[in-house]
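All letters in the sequence shown, in the order written, are residues 2 to 147 by the numbering used here.
Using N, Cα and C, we set each Cβ at its ideal position, and we do this for glycine too.
Since the model is a prediction, treat every value here as computed from it, not as a measurement.
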Amino acid sequence: MSDAERLDLLLHRFLSTFFSIPARQPASGLLTFAQMRVLWTLDHNGHFATPGEVARSLGITSSTATGLIERLASGGYIRRTHSTEDRRQVFLKLKPKGRRMMVGFRKVRQSRLRNLLASLHRDDVRRMSGALAVLNDVLSRSKEAR
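Below is the structure:
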(Lines of atoms letter the chains of each structure in order from A and count residues from 1; the text may use other names and numbers.)
(Lines give C-alpha, C1' and ligand atoms only; values in the text may rest on other atoms or scores of the structure.)
Protein backbone atom coordinates (compact mmCIF):
# COMPACT_ATOMS: atom_id res chain seq x y z
CA MET A 1 0.00 0.00 0.00
CA SER A 2 1.40 3.40 -0.95
CA ASP A 3 1.73 6.28 1.51
CA ALA A 4 -1.08 8.11 -0.28
CA GLU A 5 -3.38 5.09 -0.11
CA ARG A 6 -2.63 4.54 3.57
CA LEU A 7 -3.16 8.22 4.43
CA ASP A 8 -6.38 8.27 2.40
CA LEU A 9 -7.69 5.24 4.25
CA LEU A 10 -6.71 6.60 7.66
CA LEU A 11 -8.18 10.06 6.98
CA HIS A 12 -11.39 8.60 5.62
CA ARG A 13 -11.80 6.24 8.56
CA PHE A 14 -11.11 8.96 11.13
CA LEU A 15 -13.22 11.70 9.54
CA SER A 16 -16.13 9.40 8.76
CA THR A 17 -16.25 8.20 12.35
CA PHE A 18 -15.46 11.46 14.11
CA PHE A 19 -17.80 13.71 12.14
CA SER A 20 -20.62 11.23 11.72
CA ILE A 21 -23.79 12.70 13.09
CA PRO A 22 -26.71 10.41 12.49
CA ALA A 23 -29.62 12.32 11.00
CA ARG A 24 -32.00 13.66 13.61
CA GLN A 25 -29.59 13.17 16.51
CA PRO A 26 -29.83 15.79 19.30
CA ALA A 27 -26.64 17.50 18.07
CA SER A 28 -28.23 18.12 14.68
CA GLY A 29 -31.82 18.59 15.80
CA LEU A 30 -34.12 17.93 12.89
CA LEU A 31 -31.45 18.52 10.27
CA THR A 32 -29.71 16.05 8.01
CA PHE A 33 -25.95 15.81 7.86
CA ALA A 34 -25.98 17.49 4.43
CA GLN A 35 -27.89 20.44 5.85
CA MET A 36 -25.45 20.62 8.76
CA ARG A 37 -22.59 20.85 6.25
CA VAL A 38 -24.26 23.90 4.66
CA LEU A 39 -24.65 25.55 8.05
CA TRP A 40 -21.06 24.70 8.94
CA THR A 41 -19.88 26.29 5.68
CA LEU A 42 -21.82 29.48 6.36
CA ASP A 43 -20.65 29.54 9.98
CA HIS A 44 -17.06 28.99 8.90
CA ASN A 45 -17.20 31.80 6.32
CA GLY A 46 -18.42 34.27 8.94
CA HIS A 47 -19.94 36.47 6.24
CA PHE A 48 -22.48 36.36 3.46
CA ALA A 49 -21.93 33.59 0.95
CA THR A 50 -23.65 32.86 -2.33
CA PRO A 51 -25.33 29.53 -3.12
CA GLY A 52 -22.60 28.94 -5.74
CA GLU A 53 -19.87 29.42 -3.14
CA VAL A 54 -21.60 26.95 -0.83
CA ALA A 55 -21.91 24.40 -3.66
CA ARG A 56 -18.23 24.76 -4.61
CA SER A 57 -17.09 24.58 -1.00
CA LEU A 58 -19.03 21.34 -0.43
CA GLY A 59 -18.30 19.83 -3.83
CA ILE A 60 -21.99 19.49 -4.70
CA THR A 61 -24.08 20.64 -7.64
CA SER A 62 -25.88 23.96 -7.62
CA SER A 63 -29.25 22.20 -7.74
CA THR A 64 -28.36 20.08 -4.68
CA ALA A 65 -27.22 23.21 -2.83
CA THR A 66 -30.43 25.01 -3.81
CA GLY A 67 -32.57 22.24 -2.30
CA LEU A 68 -30.58 22.23 0.93
CA ILE A 69 -30.66 26.02 1.15
CA GLU A 70 -34.42 26.10 0.54
CA ARG A 71 -35.09 23.69 3.42
CA LEU A 72 -32.75 25.59 5.74
CA ALA A 73 -34.35 28.92 4.87
CA SER A 74 -37.85 27.46 5.37
CA GLY A 75 -36.74 26.11 8.76
CA GLY A 76 -35.50 29.53 9.87
CA TYR A 77 -31.80 28.61 9.97
CA ILE A 78 -30.53 30.89 7.20
CA ARG A 79 -31.51 34.17 5.61
CA ARG A 80 -31.46 34.80 1.87
CA THR A 81 -31.08 38.36 0.71
CA HIS A 82 -30.77 39.82 -2.76
CA SER A 83 -28.03 42.20 -3.80
CA THR A 84 -29.15 45.80 -4.12
CA GLU A 85 -27.01 46.06 -7.25
CA ASP A 86 -28.16 42.86 -8.96
CA ARG A 87 -31.40 41.23 -7.81
CA ARG A 88 -30.28 37.93 -9.37
CA GLN A 89 -27.42 37.75 -6.86
CA VAL A 90 -28.45 35.93 -3.66
CA PHE A 91 -26.51 36.08 -0.40
CA LEU A 92 -26.86 33.63 2.47
CA LYS A 93 -26.21 34.20 6.15
CA LEU A 94 -26.98 32.28 9.32
CA LYS A 95 -29.97 33.47 11.31
CA PRO A 96 -29.82 33.31 15.12
CA LYS A 97 -31.40 29.83 15.06
CA GLY A 98 -28.65 28.64 12.69
CA ARG A 99 -25.93 30.21 14.82
CA ARG A 100 -27.33 28.51 17.95
CA MET A 101 -27.35 25.18 16.11
CA MET A 102 -23.71 25.62 15.14
CA VAL A 103 -22.69 26.60 18.68
CA GLY A 104 -24.25 23.37 19.94
CA PHE A 105 -22.65 21.32 17.17
CA ARG A 106 -19.24 22.88 17.88
CA LYS A 107 -19.57 22.03 21.59
CA VAL A 108 -20.39 18.39 20.80
CA ARG A 109 -17.51 18.17 18.32
CA GLN A 110 -15.01 19.74 20.72
CA SER A 111 -16.16 17.52 23.58
CA ARG A 112 -15.69 14.43 21.40
CA LEU A 113 -12.20 15.62 20.46
CA ARG A 114 -11.24 16.38 24.08
CA ASN A 115 -12.36 12.88 25.13
CA LEU A 116 -10.42 11.30 22.28
CA LEU A 117 -7.24 13.30 22.94
CA ALA A 118 -7.38 12.60 26.67
CA SER A 119 -6.48 8.99 25.94
CA LEU A 120 -3.34 9.96 23.99
CA HIS A 121 0.13 10.90 25.13
CA ARG A 122 0.90 14.63 24.85
CA ASP A 123 3.74 13.97 22.38
CA ASP A 124 1.34 12.08 20.09
CA VAL A 125 -1.08 15.00 20.17
CA ARG A 126 1.74 17.43 19.28
CA ARG A 127 2.87 15.23 16.39
CA MET A 128 -0.68 14.96 15.03
CA SER A 129 -1.19 18.69 15.37
CA GLY A 130 2.05 19.38 13.53
CA ALA A 131 1.22 16.92 10.75
CA LEU A 132 -2.24 18.43 10.27
CA ALA A 133 -0.76 21.93 10.17
CA VAL A 134 1.64 20.80 7.42
CA LEU A 135 -1.22 19.20 5.44
CA ASN A 136 -3.32 22.37 5.79
CA ASP A 137 -0.40 24.51 4.59
CA VAL A 138 0.10 22.26 1.55
CA LEU A 139 -3.63 22.37 0.76
CA SER A 140 -3.84 26.15 1.03
CA ARG A 141 -0.81 26.54 -1.24
CA SER A 142 -2.26 24.12 -3.79
CA LYS A 143 -5.57 26.09 -3.83
CA GLU A 144 -3.64 29.30 -4.45
CA ALA A 145 -1.85 27.69 -7.38
CA ARG A 146 -5.13 26.78 -9.13
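How should Q36 be labelled, buried or exposed, when 16 other C-beta atoms within 10 angstroms of its C-beta is the threshold for buried? In the sequence shown, counting from the first residue as 1, residue 36 sits at position 35. Buried, since its Cβ has 16 or more Cβ neighbours within 10 Å.
Opposite K1 in the DSSP bridges: which residues? Here the chain has residues from 2 to 147 only, and residue 1 is not among them.
Beta-carbon gap between G99 and I79 smaller than 7 Å: Working through the sequence shown from its first residue, we reach residue 99 at position 98. Working through the sequence shown from its first residue, we reach residue 79 at position 78. Closer than 7 Å, so yes.
Who are the near neighbours of A66 in its chain, counting only those whose CB is closer than 6 Å to its CB and skipping five residues on each side? Translated into the one-based positions of the sequence shown, residue 66 becomes position 65. Hits under 6 Å: P52, V55 and A56.
Measure from the alpha carbon of K94 to the alpha carbon of each residue in S112, R88 and L73, then state which is nearest. Locating residue 94 in the sequence shown gives position 93, counting from the first residue. It is L73.
From G60 to R38, what does the alpha carbon distance come to, in whole angstroms? As a position in the sequence shown, residue 60 is number 59, starting the count at 1. As a position in the sequence shown, residue 38 is number 37, starting the count at 1. Computed Cα separation, rounded: 11 Å.
Beta-carbon proximity check, D44 vs M103, cutoff 7 Å: Within the sequence shown, numbered from 1, the residue matching residue 44 stands at position 43. Within the sequence shown, numbered from 1, the residue matching residue 103 stands at position 102. Yes; because the gap between Cβ atoms is below 7 Å, this pair is in contact.
Test item: CB-CB of R81 and V91 under 7 Å: Working through the sequence shown from its first residue, we reach residue 81 at position 80. Working through the sequence shown from its first residue, we reach residue 91 at position 90. Yes. Within cutoff.
Please state if the CB of S58 and the CB of T42 are separated by a distance shorter than 7 Å. Counted from its first residue, the sequence shown places residue 42 at position 41. Counted from its first residue, the sequence shown places residue 58 at position 57. Cβ atoms of T42 and S58: closer than 7 Å.
Within this structure, are the beta carbons of V126 and L114 separated by less than 7 Å? Position 125 of the sequence shown, counted from the first residue, corresponds to residue 126. Position 113 of the sequence shown, counted from the first residue, corresponds to residue 114. No; because the gap between Cβ atoms is not below 7 Å, this pair is not in contact.
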